[in-house]
Each structure stands twice: as structure tokens, then as C-alpha cells.
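Written below as C-alpha cells is the structure these notes are about.
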Amino acid sequence: MAWAYLLIAGLMETAWAVGLKCTDGFTRFWPSLWTAAGMAVSFYFLSLALKTLPIGTAYTVWTGIGAVGTVVLGIVLFGESRSLLRLLCVAMIVTGIVGLRLLPPA
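Rendered as C-alpha cells:
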């Protein structure tokens, strides 16, 4: 269950990171409210995952999911660069996430 919690936490990190852009520096009420709620949910599920997963693994996977998701949504929603080198860097992050998932806990 810890890995499912971590996936939810990472997806919510993606949501609040994108939401943060929409807050316009926390000057827009509804986007700010939804972003803060996303942060709270993300931290809550991360805390659940940390009950059983090592901190280094959980934190790295959490930030990795958030980073990859944010890059993908940046490309889709905001027209950000999809250069080959950028996508290769994102692929390396995904490889690291998968590697941490597959390794046995120390």
C-alpha cells in the first residue's frame, strides 16, 4: 500500500506544482486554495508512505514523480519545450524512479 500512497502523493505534487503557476503569486483565490489543498493531500500521502518506505527512496520517488508530471503538463498545457535533450533528461528521472522501485529495501 505504501507505493500506492507514494504514487498518489507524487501525482498530487504534480497537481500543486502546476496549480502554483496558476495562482499568479498567490494573488488568485481559487487557484491558490486548490494549490494549498493539493499540497496538503500530497504531504499527507507522503507521510503515509513514509511509515514503511525508507525516507531516501520515498522522497526521491515523490519528487521524481512530481518533476516528471510537471514537465509533461508543462509541455501539454503551457507549450514548454519538448526538445530531445530535455525528454532524455526526463527519461533518466523515470529510469531512476523505476530503479528505486525495483531495488530491494536496504
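For the sequence shown, my numbering assigns the number 737 to the initial residue and increments by one for each residue that follows. Beta carbons are placed, not taken as given, at the ideal position from N, Cα and C, and that holds for glycine.
Rounded C-alpha distance that separates residue i from residue j
i	j	result
A740	V754	21 Å
G815	L823	14 Å
T796	V812	24 Å
G792	V808	24 Å
W766	T759	8 Å
CB-CB length for residue i against residue j, believed under 8 Å
i	j	result
S778	M748	4 Å
L742	A785	4 Å
G774	A751	5 Å
G746	G832	In fact, because the Cβ distance is near 13 Å, the residues do not count as touching under 8 Å.
Delimiting residues of the alpha helix (DSSP H) encompassing residue i
i	result
M775	765-785
F814	791-814
G755	738-758
L821	820-838
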